[in-house]
Amino acid sequence: METDDYDTLNLTSNRCYTKLDTRYIIDGNDEKCKKLETTPGEYTNATLLCMGLKGNLKNYNLLDFFEKMKDYKCKYLSLWVHDRLSKIKEVDETTMKSTLFGIWGESENFENCNSSDFGSYLDSADYIKEKSLYDYALNYEDLENLYGKTDIIPCTTKLAEYIRKSIELYNKVKSECEPSKNNKIQRSCTALKDIQSIYPKDELLNLKCKRIEDESTPSREVEGSRTQPQHERQHEGNLKDHRSSVLGLDFTEDASTGPYASEDASSPDSHKAIGSTLPILGVLSIGFVLYKFTGLGPMARNFLRTKGINGINSHDGLTHELLDSTYDRNVHLDETKTYVGYQAI
Numbered sequence: 004m005e006t007d008d009y010d011t012l013n014l015t016s017n018r019c020y021t022k023l024d025t026r027y028i029i030d031g032n033d034e035k036c037k038k039l040e041t042t043p044g045e046y047t048n049a050t051l052l053c054m055g056l057k058g059n060l061k062n063y064n065l066l067d068f069f070e071k072m073k074d075y076k077c078k079y080l081s082l083w084v085h086d087r088l089s090k091i092k093e094v095d096e097t098t099m100k101s102t103l104f105g106i107w108g109e110s111e112n113f114e115n116c117n118s119s120d121f122g123s124y125l126d127s128a129d130y131i132k133e134k135s136l137y138d139y140a141l142n143y144e145d146l147e148n149l150y151g152k153t154d155i156i157p158c159t160t161k162l163a164e165y166i167r168k169s170i171e172l173y174n175k176v177k178s179e180c181e182p183s184k185n186n187k188i189q190r191s192c193t194a195l196k197d198i199q200s201i202y203p204k205d206e207l208l209n210l211k212c213k214r215i216e217d218e219s220t221p222s223r224e225v226e227g228s229r230t231q232p233q234h235e236r237q238h239e240g241n242l243k244d245h246r247s248s249v250l251g252l253d254f255t256e257d258a259s260t261g262p263y264a265s266e267d268a269s270s271p272d273s274h275k276a277i278g279s280t281l282p283i284l285g286v287l288s289i290g291f292v293l294y295k296f297t298g299l300g301p302m303a304r305n306f307l308r309t310k311g312i313n314g315i316n317s318h319d320g321l322t323h324e325l326l327d328s329t330y331d332r333n334v335h336l337d338e339t340k341t342y343v344g345y346q347a348i
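Numbering of the sequence shown is given in this note's numbering, commencing with residue 4 and proceeding in unit increments.
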């Protein structure tokens, strides 16, 4: 089960890893990280990972987004570092690991979260099993509430596949870790034990989608049917783009696919409003031009005068009285007459 296959799903694990990418990167500015720049002043993926690790370690006590699995947040931090490191190509792996271990060793939270797990990820197959199990445990509660307890929101076929493969992996590891097989040192066995301490009685095997719809179904809601903060989108393989908005950097990215893709805020109603407003504005504009620059203007004014629109000005006596004398407010306090202009046609 390749974890990269499901990086684009709206899963709790993906959102948590994205928070590790971005939330405290500003606090991770370090000379060791700057040495990973291929060009001075240019933030590379390696530099950003280094800064992200230092910022997360510095704010370790504030990493509070792992929900029921919060007791294993150091595990998730190690899994995140290894996952992001595996995608970096511009820096030698030995140099990169040496820098990351140095950042880890200098952390004030080293006793709370050390680098031993990160340093033990040597077998990629066992790492993938371990990460997949921890991720599924992190995702379980949200998936159960959204798709297992009700059929209001359907699973996509991709999400249903993820759940099925996660259950298959869980059963496989459970079989591998039976006491008779003496595989206690296998890291995935440790992961299974940790998960069972939070979800006893193999609760993670009970998850099933109430309803499944293909992604191409027109009526299908966006997966999860929840608005996700823009800075919390899934990791899609480019660490630089992930942290660009946090650092205020201008990294180019396809607006339709990137993790910081802007969502189209326009709706069908707004399009209708625009469609009905533009013709009205056009008519008003044409009317103004005809009134201002053609003979229709004087004709319209003469027509209005003959209809008595300006008739109120025909009371010359009242007009002269108002102009020739100072208005005394107190004189007219009790006066209730209303003067209506009239001009005979």
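All residues carry an ideal CB built from backbone N, CA and C; glycine is no exception.
From residue i to residue j, what does the alpha carbon distance come to, in whole angstroms?
{"i": "residue 207", "j": "residue 145", "result": "12 Å"}
{"i": "residue 95", "j": "residue 213", "result": "47 Å"}
{"i": "residue 159", "j": "residue 12", "result": "10 Å"}
{"i": "residue 199", "j": "residue 188", "result": "17 Å"}
{"i": "residue 201", "j": "residue 40", "result": "41 Å"}
{"i": "residue 66", "j": "residue 22", "result": "9 Å"}
{"i": "residue 1", "j": "residue 20", "result": "Nothing can be reported for residue 1, as the shown portion of the chain is limited to 4 through 348."}
{"i": "residue 86", "j": "residue 46", "result": "19 Å"}
{"i": "residue 165", "j": "residue 38", "result": "39 Å"}
{"i": "residue 354", "j": "residue 193", "result": "The requested residue 354 does not occur in the structure, where the chain is confined to residues 4 to 348."}
{"i": "residue 9", "j": "residue 161", "result": "8 Å"}
{"i": "residue 178", "j": "residue 79", "result": "24 Å"}
{"i": "residue 228", "j": "residue 218", "result": "Confidence at residue 228 is low in this model, with a pLDDT of 41, below 50, so the placement of that residue is unreliable and no value is reported for it."}
{"i": "residue 153", "j": "residue 91", "result": "40 Å"}
{"i": "residue 114", "j": "residue 121", "result": "15 Å"}
{"i": "residue 148", "j": "residue 215", "result": "15 Å"}
{"i": "residue 156", "j": "residue 100", "result": "43 Å"}
{"i": "residue 49", "j": "residue 58", "result": "14 Å"}
{"i": "residue 51", "j": "residue 28", "result": "7 Å"}
{"i": "residue 211", "j": "residue 163", "result": "8 Å"}
{"i": "residue 75", "j": "residue 83", "result": "13 Å"}
{"i": "residue 126", "j": "residue 180", "result": "17 Å"}
{"i": "residue 195", "j": "residue 73", "result": "16 Å"}
{"i": "residue 93", "j": "residue 42", "result": "11 Å"}
{"i": "residue 151", "j": "residue 81", "result": "30 Å"}
{"i": "residue 170", "j": "residue 143", "result": "11 Å"}
{"i": "residue 191", "j": "residue 68", "result": "23 Å"}
{"i": "residue 209", "j": "residue 106", "result": "41 Å"}
{"i": "residue 34", "j": "residue 116", "result": "22 Å"}
{"i": "residue 89", "j": "residue 63", "result": "23 Å"}
{"i": "residue 203", "j": "residue 128", "result": "26 Å"}
{"i": "residue 1", "j": "residue 56", "result": "In the structure as shown, the chain starts at 4 and stops at 348, and residue 1 therefore has no counterpart that could be examined."}
{"i": "residue 205", "j": "residue 32", "result": "43 Å"}
{"i": "residue 197", "j": "residue 24", "result": "25 Å"}
{"i": "residue 185", "j": "residue 15", "result": "33 Å"}
What does the Cβ neighbour count give for residue i, buried or exposed, with the cut at 16 atoms within 10 Å?
{"i": "residue 111", "result": "exposed"}
{"i": "residue 26", "result": "buried"}
{"i": "residue 108", "result": "exposed"}
{"i": "residue 133", "result": "buried"}
{"i": "residue 183", "result": "exposed"}
{"i": "residue 17", "result": "buried"}
{"i": "residue 104", "result": "exposed"}
{"i": "residue 118", "result": "buried"}
{"i": "residue 98", "result": "exposed"}
{"i": "residue 102", "result": "buried"}
Can you give the beta carbon distance from residue i to residue j, rounded, assuming they're within the 8 Å contact cut?
{"i": "residue 54", "j": "residue 77", "result": "In fact, because the Cβ distance is near 19 Å, the residues do not count as touching under 8 Å."}
{"i": "residue 124", "j": "residue 130", "result": "5 Å"}
{"i": "residue 61", "j": "residue 30", "result": "5 Å"}
{"i": "residue 172", "j": "residue 136", "result": "7 Å"}
Looking only at DSSP bridge pairs, what is residue i linked to?
{"i": "residue 218", "result": "Note: residue 218 sits in no beta bridge, so no partner."}
{"i": "residue 212", "result": "Answer by DSSP bridge pairing: none, since residue 212 is not bridged."}
{"i": "residue 159", "result": "216"}
If we cut at 8 Å on Cβ distances, does residue i have a partner in chain B?
{"i": "residue 140", "result": "Absent from the structure is chain B; it holds one protein chain and no more."}
List in chain order: all unbroken alpha helix (DSSP H) runs of 4+ residues lying wholly within the stretch 10-81.
Counting only runs of 4 or more residues that sit fully inside the stretch 10-81, the alpha helix (DSSP H) segments are 15-25, 34-37 and 48-61, in chain order.
Suppose only complete runs of 4+ residues qualify. What are the alpha helix (DSSP H) ranges in the stretch 85-121, listed by chain order?
For the stretch 85-121, whole alpha helix (DSSP H) runs of length 4 or above, ordered along the chain, are 96-108.
Ignoring anything shorter than 4 residues or poking outside the stretch 136-204, list the alpha helix (DSSP H) runs there in chain order.
Inside the stretch 136-204, DSSP marks whole alpha helix (DSSP H) runs of 4 or more residues at positions 160-179 and 190-201, from first to last along the chain.
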